[in-house]
Every structure is written in C-alpha cells, then in structure tokens.
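Asks:
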Amino acid sequence: MATAKELKDLSTDDLQNRAKELRDTLVQDRLKRRTGSLDSPAEGVQHRRDLARILTVLGEKARAAKAG
Numbered sequence: 003m004a005t006a007k008e009l010k011d012l013s014t015d016d017l018q019n020r021a022k023e024l025r026d027t028l029v030q031d032r033l034k035r036r037t038g039s040l041d042s043p044a045e046g047v048q049h050r051r052d053l054a055r056i057l058t059v060l061g062e063k064a065r066a067a068k069a070g
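Quick note, the working numbering runs 2 ahead of the 1-based positions in the sequence shown.
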C-alpha cells in the first residue's frame, strides 16, 4: 500500500474508494480466518494498518477544509 505521504496527494474520493475496498477485504479476511483458509494472518494486520492510514489522511483533509 501507499505511504501516508503518497496518500495525501490523492483526492478525497479516491481515498474513500480505497477505504471501502479495504473494508471489504477485511471482511473477506475475517471469513477466511474463521474457515481456516487464510494464507497469512499478517495480511489482515497490514490491511487494518492501511485502512487506518487512509482514514487518518481523510481526517486531516476534512480538518484542513473546515479550518481553511
């Protein structure tokens, strides 16, 4: 996934789309983990971190728009 610096260059719509995709991926990861077919549990951790990074950048953009 992209770094926070790269994410800041994306538009709000792109970030929201990526967040939605990651949420869907996390749901699939949870289902795979319950059925025992998840290849690497570390992928779920990475997806959660990526989602948090995107949500942080979205929050920063929202606060900047509100202040400016």
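Glycine included, C-beta positions come from ideal geometry on N, C-alpha and C.
Just to confirm, are G46 and D31 a CB contact at a threshold of 7 Å?
Replies: Taking the sequence shown and counting its residues from 1, the one referred to as residue 46 is at position 44. Taking the sequence shown and counting its residues from 1, the one referred to as residue 31 is at position 29. Yes.
Asks: Would L9 be called buried (16 or more neighbouring beta carbons within 10 Å of its own) or exposed?
Replies: Taking the first residue of the sequence shown as position 1, residue 9 is located at position 7. The residue is buried, with at least 16 neighbouring Cβ atoms inside 10 Å.
Asks: Reducing DSSP to helix, strand and coil, say where G46 ends up.
Replies: By 1-based counting over the sequence shown, the position of residue 46 is 44. Three-state DSSP puts G46 in a helix.
Asks: Buried or exposed: where does D16 fall if 16 or more other Cβ atoms within 10 Å of its Cβ makes it buried?
Replies: Here residue 16 refers to the residue found at position 14 of the sequence shown. Exposed, by the Cβ-count rule.
Asks: Using the Cβ count rule (16 or more neighbours within 10 Å means buried), how would you classify D52?
Replies: Counting from one through the sequence shown, the residue named residue 52 turns up at place 50. D52 should be labelled buried.
Asks: For the alpha helix (DSSP H) containing L28, list its first residue and its last residue.
Replies: Counting from one through the sequence shown, the residue named residue 28 turns up at place 26. Unbroken alpha helix (DSSP H) run through L28: 14-37.
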